[in-house]
Amino acid sequence: MPSKMSNFFRNMSWRNYIVYIAFIFVFIFFSIYLSDAGFLTAGNLMSIARQTAMITIMAVAMTFVISTGEIDLSVGSTAALSAMTTALTLQAGMGIVAAVIVGLATGFIIGAINGLLVSKVLIPSFLVTLAMMEVGRGIAMWITGTAPVPILHDTYIFLFGSGDILGIPVLLIWTIIIAVIGFILLNKTPFGRQTLATGGNEKAALFTGIKTARIKLSVFIFTGTMAGLAGMLYAGRLEAGRYTFGQGDELSVITAVILGGTSLAGGVGSVIGTVIGSIMIGTINNGLILMGLDVSQQMIVLGIILILAVTFGKKSKST
Amino acid sequence: MPSKMSNFFRNMSWRNYIVYIAFIFVFIFFSIYLSDAGFLTAGNLMSIARQTAMITIMAVAMTFVISTGEIDLSVGSTAALSAMTTALTLQAGMGIVAAVIVGLATGFIIGAINGLLVSKVLIPSFLVTLAMMEVGRGIAMWITGTAPVPILHDTYIFLFGSGDILGIPVLLIWTIIIAVIGFILLNKTPFGRQTLATGGNEKAALFTGIKTARIKLSVFIFTGTMAGLAGMLYAGRLEAGRYTFGQGDELSVITAVILGGTSLAGGVGSVIGTVIGSIMIGTINNGLILMGLDVSQQMIVLGIILILAVTFGKKSKST
Amino acid sequence: GSGNDSTNGEGGSESGDTNFTGSIKINENISEEVEIKSEGPKGEVATSATSLELTEEEVKEIQEGDYTAAIAMHYAGNDWARAQIEGLEATFEKMGIEVLAVTDGQFSVEKQMADIETILARQPDILVSIPVDPVSSAGAYRQAVQEGVHVVFMDNVPEGFEPGDDYVSVVSADNYGNGVLAAEILAEELGEEGDIGVIYHDADFFVTGQRVEAFEKTIEENYPNINIQARNGIANPEDGESVASAMLTKDSDLDGMFVVWDVPAEGALAAIRSAGQDDMKVTTIDLGTNVAIDIAGEGNIVGLGAQLPYEQGVAEAILAGYSLLGKEAPSYVAVPATRVTRDNLLETWELVYNQEAPSEVKSKME
Amino acid sequence: MSQIALQMKGINKAFSGVKVLKKVNFEVGKGETHALMGGNGAGKSTLMKILTGVYTLDSGEIIIDGKSVEINNPNDSNQAGVAMIFQEFSLIPKLTVAQNIYLNREPRTNLGFIDDSKMNAETQRLLDELDLHIKATDLVEDISVGYWQMTEIVKAISNNAKIVIMDEPTSTLSLKETEKLFDMIDNLRKKGITIIYISHRMDEIFKVCDRITILRDGENVITERLSELTMDDVVQHIIGGKLKRTFVWEPREVDYTKPPLLEVRNLQSGDKVKNVSFDLYRGEILGFAGLMGSGRSETVRALFGIDKIRQGTVCIDGKEIVVNNPMDAMKLGLALVPEDRREQGLILEHSVKENMILPILKKVSNKFFVQERKVSEVVKDYIQRLNIKTDNEDKIISLLSGGNQQKVVLSKWLANSPDILILDEPTSGVDIGAKSEILKVIRELADQGKSVIVISSEITELLAVSDRLIIYHQGTIANSIPRENLKAEEDVEIAIQNV
Ligand SMILES: Nc1ncnc2c1ncn2[C@@H]1O[C@H](COP(=O)(O)OP(=O)(O)OP(=O)(O)O)[C@@H](O)[C@H]1O
Ligand SMILES: Nc1ncnc2c1ncn2[C@@H]1O[C@H](COP(=O)(O)OP(=O)(O)OP(=O)(O)O)[C@@H](O)[C@H]1O
Ligand SMILES: [Mg+2]
Ligand SMILES: [Mg+2]
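Residue numbers (my numbering), protein chains in the order written: chain A, 35 to 353; chain B, 35 to 353; chain C, 973 to 1338; chain D, 152 to 650.
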């Protein structure tokens, strides 16, 4: 019993490290086991980085939402819609600047609607963002009647998709930029502090003069906008807007955040943990494909690794 | 601000009624608007009942999990796996009793594993059940290499799928049985009280002699078993086991529960609310298809109705 | 779709009551000679869709019936489905048949079953549908049959269903033939030798299964110097990129690749670009906009086997008309597979979609 | 009194139709320490929540420094220089002490980022200045509850509050910490800070306050200089009736010749309980006295199966028992009223009824179902017996006043009619009238042959009920003193301090 009580608090500490340990473990395992299959090649590592970029970017922002004790299920749909609006803007020949503005604005607006409904109308965020998940993807399907919108704009494709700068994929650069911004925002600014306070004890935060409603609105807008960016990156990478982009991403994103040590109950958040969590899942997926497993086997093994990673981290802590 | 504080508590009350008001509203609207399209025919109402049966059954059980402050994302996969094991048992000619036992046991075991990992190993339920969602579906794919398993057992199909007893679909009968059991369990038994207490304040519950770990284990087992039953009903209705059954059901199930007034934070739960929530979503889906809307339009309208339903309920309350 | 409908008559396509007069056939530009390689669900030989026709009188008779139809797709979110629905809707309109609803099963058997049950409340005369799974969706279709609905299938038939008794006919896109075409094009481009990878659909799904089977069989039997070195499965179309890039990591010396349909092929293209494998040759099936742009721009995709979904839709509508008239319908009709390479891209686009290629494709051709 | 710092005039407040404050007037002078007293549910906290913007008033006026102010939210109140040390705390557990103290006004670097090092250094300086032995970088959830209080006070003064409200600040403090708090109050007073001090403890009020305002049932009773009043006057005004002679000890018969009911030998648990042995006899009320952290709570937690017993034996009726969890303990006839009612005692979002019946679910159920009729009977009975102030039995418990919440926790366990009742700070936050009722209930139980252990930091109270006192010192038992050997509080204090 006492161990139960104290575990409750100790959770915090294991959560802070487990994902790093698990990641290193997974990485070393694949490096050895798949040494012949090219796991450790620069090319493969870059492709892991590219494939996880969108999830990581959305997850960094989601860390804020979850830190306030809320949730956002609409990120995948927002990404899809933003990919569509960006692609349509480019198709209309309005240029890259307009396209970027439109793409980000799409995310911003969805985030703002989510945020207002959660913080002002006080509807549970699960319901709000689930509804928005439907509406967003519905609109993304509907604007072109499910047709994909090709992107032929080379600069756009370079900057938001397949470009390399000094050998580093632009997608990785975007990931790093957002991760750094997220880290600083959460750990070094009053806004981050207020976010954690809002999630830690909303009443107390309110009483300390923190406008918790505004904080919640802001984190939803941030997440919406980052989902918009992720959508633009999907569009750049696949050279098209398509309404199916990002389907199911909400679960991957939330998993990355939780794996990274952020608590669904709010009040605790780790951007670095989130980034590692996201990359770890990407690495496992990559490794399992390289091992030549079936989809079914991949699913089974991924699930087991997730559980083991967390369990193992716990055990090593309580000794 | 003061209204914010008190809204926090008032949430409890609007949540208790909003779903009923919204449901009545939706129902009346479709009855009038779709009077020519056969919405109100007995056949159509029975189809709604049949189509929502599995979600409702899983949602009733999920109400318990969410009431303890946990979550179960693995229900859809559990249903798929249980449909497979049931179908395989029937295919092997082992008879309906064996099939039922195997199907329920499949759910029971998955629920027990979830429950143990959450309550004993103390891993966050979101991660545990997300991992189980992968593993469960992975196994369901893997046992037959994605091939569906046809069911030719007429009695089974009658009892768990397409049968009618005195003009009432068996699926509706199953739904009613489980809803009644769930209602009594949550509201009339010590177990239900202990479930709500565990979700309301785990420490206080523990101090009151409630074995919260055992309660959590029990609710996961209950949910797993009910997901098993839902899988058996899928199998009966579709006359086969197939690994894709129940994909995405976790979100529908959780939505029904939350719409019904159960709080994700735990401590509050309403089985009747859940049932109405589930039927309401089923009714909306049905009505929108009858209206001849595209999937994209259906998604948009469903999302908007969800938000309106909740907002409208709130407004009517605060006047 | 309107443009160059291959109908022998004149008429507007305003909504409401049709005033179309004339006979209805599928596009005459489709060669009648192409061999149909897929076999019917009962092993029957295919009847070519080119032989179907509703005469002017027959059309008129149908128009007077004020019939209604419902379309239950397995999935409605790609170019193929859209073209198929357009073909159906346009043809039904000519026949004066109102389409009550188009549903999207989103690859879920239970959703599709619910969809069908629901639209039966509107008592349509005709149901055109592609089952998500032939094994587990029989129940809903059986209910439709019992209610006297004329059922026409696309591509696949629920288990235990008998043509004539239970359903009118099934119109197939000759997926097998498309798999063969994809193999042949890839083999030609590789000079009949080299190592290739196959990205298949890791699911029990009739249509995609046939394609891969045809592709692999063709390569193995006809091109002994081509070696299928890597095989990886995808569960969802979004997996194209991650699977392809892992494949390229492991076997960096692949010369060619076959991807089971166009959407994952787009992801594979992204992976190939990142890996810098500019001379990789890829074939796939289905002429989506983005793969068409890649073909036009002389990218990695060297060609593909295309279905003719619009015409398939037309054929299905015609067969529904047969059934309404009590006219004997062939039990298995196939719309031939079409070989698409850069040379015939613009022409086949029109054949596939019944409209001109979009400007993006055309501009890349120049 | 030279200047008026705060005036609240004709304040009315009702919650869903129930009037809680009726035309209350409240006036505090600058630099004075003003006591606000009244029974549980009299409306003290509500009045202060209006001042701090948690609730808005229905009608009335607030004047601060001669200016009429409108307070609609906590920010308005902060702006006006008011800070409240809450009865329920307003700290963020997962942030550090420094982060809490500087929340929403963090020092910035030139780049606009939070200057953590400056913030930590500044906080540490404040803490050291006040002789508080905690680190600025400790997480609040890791420090003892007593220090939460201190952190709140530091937060208030570092925010330059002119009026500091303390709502039952000592209810979670040890003697030593209480002393420290009084020093702090002295300090504040010297700085000209006005303090509004809410408490149920008479001695404290007379020790630190200049004037007093007493409320009863939401109405003004009296505002007066404390020097003009005796303790009996105050009590009388609070309970509004004749003074019951409450805290007077009456010798009781305990048969010490019979074997003890509970025998604890060489108990070790956690790092606080090092070696504890004692006996508890049938019908005996045993008081636990000691400093905070001396291991009293930990001892009873171990006995109740919450913490693991590392070593030692526990016997009931001479039979050794094994207790692995509270359920086991309950089966053996034990009950524990925990020290922290909000964390350990109550499910705040649940109703009075639901909270009360949790331990007795079995008793109010037949084989399968909870019997609502029985539930209602029990609940009504206890609401009456302990005089719990609630609109009805379905009221959400967090809406009850603090003292009434405590009464619910108590009745929850009384209802289980245990053989051995353990009470850890049972009267924390309970008003003077109810305190005597609770003490009476304890005596009645003992008279029925039940055994009771009482842990309390109020020595007056311990002396009033105990048949025997055990003095704790650093996880061991230093002494066991029969009540009749103790004459005055000082005797106990000496026993606690000088072991
Ligand atoms: N938000 C609320 N809703 C309904 N009733 C409330 C609310 N807040 C307080 N009350 C009621 O108002 C009355 C006064 O409560 P208050 O907390 O002010 O008492 P108090 O004087 O502080 O008592 P205590 O000494 O026990 O803390 C109580 O009966 C309480 O139940
Ligand atoms: N140094 C500390 N760090 C963390 N928590 C502490 C510390 N000291 C005390 N506490 C906590 O403060 C509370 C009261 O202290 P504790 O129970 O140890 O004292 P006690 O011997 O029971 O004395 P009392 O009951 O008179 O306060 C307990 O919940 C305990 O866990
Ligand atoms: Mg109070
Ligand atoms: Mg204590």
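For each residue, glycine too, the CB sits at the ideal point set by N, CA and C.
Just so we're clear, the structure is a prediction, and the values are computed from it rather than from any experiment.
Close-in-space but distant-in-sequence residues of the same chain around residue i (CB under 6 Å, 5 per side omitted)
| i | result |
| --- | --- |
| Ile-610 (chain D) | Glu-640, Val-643 |
| Thr-353 (chain A) | Bear in mind that the predicted position of Thr-353 (chain A) carries a pLDDT of just 29, short of 50, making it unreliable; the figure below should be weighed with that in mind. If we look at Thr-353 (chain A) and ignore the five residues flanking it on each side, it has no Cβ neighbours. |
| Ala-146 (chain A) | Ile-255 |
| Val-473 (chain D) | none |
C-beta neighbour in chain A for residue i, strict 8 Å
| i | result |
| --- | --- |
| Gly-1163 (chain C) | no |
| Pro-203 (chain B) | no |
| Pro-1209 (chain C) | yes |
| Ile-1043 (chain C) | no |
| Arg-1245 (chain C) | yes |
Minimum Cβ-Cβ distance from residue i to chain G less than 8 Å
| i | result |
| --- | --- |
| Gly-301 (chain A) | Considering every chain present, this structure includes no chain G. Its protein chains are A, B, C and D. |
Proximity test, Cβ basis, 8 Å: residue i and chain D
| i | result |
| --- | --- |
| Asn-235 (chain B) | yes |
| Arg-227 (chain B) | yes |
Neighbour-count burial assignment, residue i, 16 or more Cβ in a 10 Å radius
| i | result |
| --- | --- |
| Lys-1336 (chain C) | buried |
| Ser-1003 (chain C) | exposed |
| Asp-1076 (chain C) | buried |
| Asp-458 (chain D) | buried |
| Ile-202 (chain A) | exposed |
Proximity test, Cβ basis, 8 Å: residue i and chain B
| i | result |
| --- | --- |
| Glu-292 (chain D) | no |
| Pro-224 (chain A) | no |
| Ile-998 (chain C) | no |
| Ser-330 (chain A) | yes |
Opposing strand residues paired with residue i [DSSP bridges]
| i | result |
| --- | --- |
| Gly-1166 (chain C) | C:Ile-1198 |
| Arg-619 (chain D) | D:Leu-437, D:Pro-633 |
| Cys-360 (chain D) | Its beta-bridge partners do not exist; DSSP assigns none. |
| His-426 (chain D) | For the sequence presented, residue 426 (chain D) should be read as Asn rather than His. D:Thr-627. |
| Asn-1204 (chain C) | C:Ile-1171 |
| Pro-577 (chain D) | Beta-bridge pairing links Pro-577 (chain D) to no other residue. |
Beta-carbon contacts of residue i that lie in its chain and below 8 Å, excluding the five residues immediately before and after
| i | result |
| --- | --- |
| Val-581 (chain D) | Asn-191, His-351, Gly-554, Gln-557, Lys-558, Ile-589 |
| Gln-522 (chain D) | Val-515, Ser-516 |
| Thr-278 (chain A) | Ala-114 |
Own chain residues within Cβ distance below 7 Å of residue i, not counting five before or after
| i | result |
| --- | --- |
| Ala-274 (chain B) | Ala-121, Pro-182, Val-183, Pro-184, Ile-185 |
| Val-1215 (chain C) | Ile-1171, Asn-1204, Ile-1206 |
| Ser-1080 (chain C) | Val-1104 |
CB contact below 8 Å: residue i versus chain C
| i | result |
| --- | --- |
| Gln-85 (chain B) | yes |
Using 8 Å as the cut-off, can you tell me whether the region 285-293 of chain B makes contact with the region 169-181 of chain B, which would need three or more C-beta pairs spanning the two stretches below that distance?
No, the region 285-293 of chain B does not touch the region 169-181 of chain B.
How about the region 247-261 of chain D and the region 338-352 of chain D: do they share at least three Cβ pairs that are nearer than 8 Å?
Touching, no, given that fewer than three Cβ pairs across the two stretches are closer than 8 Å.
Would you say the region 89-106 of chain B touches the region 272-291 of chain B, given that touching needs at least three Cβ pairs under 8 Å?
Touching, per the Cβ criterion.
Can you confirm whether the region 116-133 of chain A touches the region 254-266 of chain A when touching is taken to mean that 3 or more C-beta pairs between the two stretches lie within less than 8 Å?
Touching, yes, given that three or more Cβ pairs across the two stretches are closer than 8 Å.
For the region 1132-1147 of chain C against the region 1303-1322 of chain C, are there 3 or more C-beta pairs whose distance is under 8 Å?
Because the criterion of three Cβ pairs below 8 Å is met, the region 1132-1147 of chain C and the region 1303-1322 of chain C touch.
Evaluate the contact criterion for the region 310-328 of chain A versus the region 58-67 of chain A: three or more CB pairs, one atom per stretch, below 8 Å.
Three or more Cβ pairs closer than 8 Å define a contact, and the region 310-328 of chain A meets that threshold against the region 58-67 of chain A.
Would you say the region 316-334 of chain D touches the region 208-217 of chain D, given that touching needs at least three Cβ pairs under 8 Å?
Counting C-beta pairs with one atom in each stretch, the region 316-334 of chain D and the region 208-217 of chain D have fewer than three that are closer than 8 Å, which means they do not touch.
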